[in-house]
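Enquirer: Take this structure first; my questions come after.
In the working numbering, the protein residues as written are 4 to 134.
Given below as structure tokens:
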């Protein structure tokens, strides 16, 4: 993915971790969807299939928020991007926990994604101190 970044942004550890999370969440979602796309015995669909899409959408939004926070000149607007990034991370983590209860072999990979999200949070905290 290329968001037309200045070169220094692509070197940021938090940005690199966000890109890793995007790739990991897409892979896990693809794996989960193979098991969750079938209808239940009563003809209903598995509600967890929506959470698998959510982890992709939320992880894809991490990098643009980092870029927007880095580019923003005004403190109040910068903080809005930081809040948004924090909310995305929280929702992503919660959706991983929900998906761990799904009926799929792919759920075995979700602790790995949650581990990467914890590393991301540590990077996020350090990075926020530099802004």
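Ideal Cβ positions, reconstructed from N, Cα and C, are used throughout, including at glycine. All values derive from a computational prediction rather than experimental measurement.
CA-CA distance, residue 105 and residue 51?
Expert: Cα-Cα distance, rounded: 6 Å.
Enquirer: DSSP three-state call for residue 75: helix, strand or coil?
Expert: Coil, per DSSP.
Enquirer: Residue 98: buried (16+ other C-beta within 10 angstroms of its C-beta) or exposed?
Expert: The residue in question, residue 98, is buried, as its Cβ has 16 or more Cβ neighbours within 10 Å.
Enquirer: From residue 91 to residue 60, what does the alpha carbon distance come to, in whole angstroms?
Expert: Cα to Cα, residue 91 sits roughly 9 Å from residue 60.
Enquirer: State the DSSP-derived secondary structure class of residue 103, mapped to helix, strand or coil.
Expert: Residue 103: coil per DSSP, three-state reduction.
Enquirer: Threshold first: 3 residues or longer. Then list the beta strand (DSSP E) segments lying entirely within the region 26-97, N to C.
Expert: List check, beta strand (DSSP E) in window: nothing returned.
Enquirer: How big is the Cα-Cα spacing for residue 5 and residue 47?
Expert: Confidence is the limiting factor: at residue 5 the pLDDT is only 48, short of 50, which leaves the residue's position unreliable and the question unanswerable from this model.
Enquirer: Please confirm whether residue 38 and residue 111 have their CB atoms less than 8 Å apart.
Expert: No, they are not a contact pair.
Enquirer: Mapping DSSP to helix, strand and coil, what is residue 134?
Expert: It is coil, neither helix nor strand.
Enquirer: In three-state terms, what does DSSP make of residue 15?
Expert: Three-state DSSP puts residue 15 in coil, outside helix and strand.
Enquirer: So, at 7 Å on beta carbons, what are the nonlocal neighbours of residue 62 in its own chain, with the 5 sequence-adjacent residues on each side left out?
Expert: Excluding positions up to five away in sequence, the list reads 24, 25, 28, 95.
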